[in-house]
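Peer 1: Chains A and B, in that order, are what the protein sequence lines are. Under our numbering, the residues of the first sequence are numbered 94 to 304, in order. Under our numbering, the residues of the second sequence are numbered 94 to 304, in order.
2 protein chains.
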Amino acid sequence: MERAQVPETTIQRLPVYLRCLLQAQQERMPVINSVQMAEMCGSNAAQVRKDLSYLGELGTRGIGYDVEALIAHISRVLGITERRRAVVVGYGRLGGALRSYTGFPERGFEIVAVFDADPAKIGTDADGLVVRPMEELEDGIREVGAEIAILATPAPVSQQVADRLVSAGIRAILNLAPVRLHVPAGVAVRQVCLSTDLQILSFHLAQEQLT
Amino acid sequence: MERAQVPETTIQRLPVYLRCLLQAQQERMPVINSVQMAEMCGSNAAQVRKDLSYLGELGTRGIGYDVEALIAHISRVLGITERRRAVVVGYGRLGGALRSYTGFPERGFEIVAVFDADPAKIGTDADGLVVRPMEELEDGIREVGAEIAILATPAPVSQQVADRLVSAGIRAILNLAPVRLHVPAGVAVRQVCLSTDLQILSFHLAQEQLT
DNA sequence: ACATGTGAAGCTATTCACAGCC
DNA sequence: GGCTGTGAATAGCTTCACATGT
């Protein structure tokens, strides 16, 4: 293992840096420095430098960071130099929105299959893909070579679907249902819960209101 | 200021505790202890106790925590004893999914208005609400007394819409567009970016793959 | 006996400040 | 002179371990 260990907090900021670098690239900036990056992504210069230094010595003293090179490097660290294949499981309103979200392809991801349990949806069009039945989940995942699953099923069934995803070889799950998933070690899960975010916002409103 | 200062990390876990307590309530558990809570929400007992202790002395030594009382207390801290009113801005596929998401009402939130810029959508039904034009944004927000905005507009216009939300008195924004919003102090923003989450998952896949 | 609440210890992350290099 | 990379200092979070109360 060459790369010592990039802290998890740093990893979580890499996508932000990448976004800001892509913007700089569009603005035809050949080089960017830590102060500019910090401004663009709402951080501070020392943090940016420290984070990037975990990935290697990527900058040039007195100059800054080469935008192209840094984009390439962060993309490599994030493992998105090739587009990664993902499946959407649960084609309700949220699953539908995710399937047709245009931001994924340009950020390194491709939706390659869609599954749902509802017989009325099976076989219908999902923005260019066909909605497949849950019975085909394991085979379908192997067929298309998907590595990531976006889980947009109803909360009560999410755990059992997750178990099947894992047994089909999925190692990364983005869970949109408000339940904690139990998965074996080696499987990465990220939880997105909009109600949770709203409740945190509500806390801040409540704080202000007790003036 | 009576309540010393609840750490931000603790606040972020309160919604998780609340979810787990509601589950305990449904299972007719009158009392729960820190070990059980930790198991249910994937934390550890010391963390649970420390977090809850920031809110006051809510447990009984030798017994544990009264489920009902703790639900009430956390709800109060999160400011969701009354349902908070939110507007959805941007009624595309994502905005549509959010508007009809049934999880909000039971977690303390109510969508009270929907706005969009597209003339073809204005006036149409949004699951029981009427899609209103962006021209009515400020007046509409004041009219319905909304405190929170869920921002699901295209990335390029999100900042200018956010500015208008703030000038209309909104103090909490849930931003679903992949751009950093600049807002004045006193306005809380939470950023949800699914591409970011996928990229973090991709990093973990990449780590494993370099075996 | 049992489980909370909490100082203290240990650990991780952020910020500072400057040496090192262009 | 300017900007990176980084050890040192600081701040913040988590875990431990036990005194405290039921």
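Yeah, the Cβ is synthetic: ideal placement off N, Cα and C, and Gly gets one too.
1. Quick one: what does DSSP say L145/B is sitting in, helix, strand or coil?
2. Where do the N-terminal and C-terminal ends of the alpha helix (DSSP H) with P108/B fall, by residue?
3. Cα-Cα, which of R235/B, L274/B, A117/B is closest to P249/B?
4. Could you tell me how far apart the beta carbons of V285/A and L269/A are, in whole angstroms, since I believe they sit closer than 8 Å?
5. Quick one: what does DSSP say Q300/B is sitting in, helix, strand or coil?
6. Less than 7 Å separating the beta-carbons of V280/A and R257/A?
7. Quick one: residues in its chain with C-beta nearer than 8 Å to the C-beta of E231/A, no 5 flanking neighbours on either side, listed in chain order?
8. Can you check whether the C-beta of Q119/B is within less than 7 Å of a C-beta belonging to chain A?
9. With a 10 Å radius around its C-beta and 16 neighbouring C-beta atoms as the bar for buried, classify A122/A as buried or exposed.
10. Answer with buried or exposed for M94/B, where buried requires no fewer than 16 other C-beta atoms within 10 angstroms of its C-beta.
11. Alpha carbons only, please: which of T153/A, L145/A, G233/A is nearest the one belonging to A179/A?
12. Please list, in chain order, the chain A residues whose beta carbon lies closer than 7 Å to that of P271/B.
13. Is it right to say K143/A is buried, meaning 16 or more other beta carbons lie within 10 angstroms of its own, or is it exposed?
14. On the criterion of 16 or more Cβ atoms from any shown chain inside 10 Å, does R177/B qualify as buried, or is it exposed?
15. Based on the DSSP output, what are the partners of P226/A in its beta bridges?
16. For the segment 288-301 of chain A, which residues have a CB atom closer than 7 Å to at least one CB atom of chain B, in sequence order?
17. For P108/B, would you say it is in contact with chain A, using Cβ-to-Cβ distances shorter than 7 Å as the test?
18. What span of residues does the alpha helix (DSSP H) with L258/B cover, start to end?
19. Quick test of the definition: if touching needs 3 or more C-beta pairs under 8 Å, does the segment 198-211 of chain A touch the segment 144-162 of chain A?
20. Could you work out which residues of chain A lie near I173/B, taking near to mean beta carbons separated by less than 8 Å?
21. Specify, as a first and last residue, the run of the alpha helix (DSSP H) that A165/B falls within.
22. Going straight from the alpha carbon of Q119/B to that of A242/A, what length do you get?
23. Report yes if the C-beta distance between L171/B and L114/B is below 7 Å; otherwise report no.
24. Starting from L258/A, find everything on chain B with Cβ-Cβ shorter than 9 Å and list it in chain order.
25. Using 10 angstroms around the beta-carbon of P277/B, count the other beta-carbons present and answer buried if the total reaches 16, otherwise exposed.
26. In the DSSP output, what is D218/A paired with across the bridge?
27. Which same chain residues, not among the five before or five after N126/B, have their C-beta less than 6 Å away from its C-beta?
28. Relative to the alpha-carbon of R112/B, which residue among R200/B, R154/B, I173/B, I104/B has its alpha-carbon at the smallest distance?
29. Give the secondary structure of Q284/B by DSSP, where H, G and I count as helix, E and B as strand, and everything else as coil.
30. How about R176/B: is its C-beta nearer than 7 Å to some C-beta of chain A?
31. Can you list the residues of chain B that E240/A reaches, using a CB-CB cut of under 8 Å?
32. Cα separation between E175/A and R186/A?
33. Which residues of chain A have a Cβ atom closer than 8 Å to the Cβ of L267/B, listed in chain order?
Peer 2: So, from the listed chains and residues:
1. helix
2. 101-119
3. L274/B
4. 5 Å
5. helix
6. no
7. R257, S260, A261
8. no
9. With the sequence shown as reference, residue 122/A is identified as Met, and Ala is not the correct amino acid for it. M122/A should be labelled exposed.
10. Note that M94/B scores a pLDDT of 39, beneath 50, so its modelled location is shaky; the value from the coordinates is reported in the next line. Flag for M94/B reads exposed.
11. G233/A
12. R112, G196
13. exposed
14. buried
15. D209/A
16. S288, T289, D290, L291, Q292, I293, L294, S295, F296, H297, L298, A299, E301
17. yes
18. 248-260
19. no
20. Q292, S295
21. 160-171
22. 30 Å
23. no
24. In chain order: nothing, as chain B lies at least about 13 Å away.
25. exposed
26. V223/A
27. G157
28. R200/B
29. strand
30. no
31. L298
32. 29 Å
33. L287, D290, L291, L294
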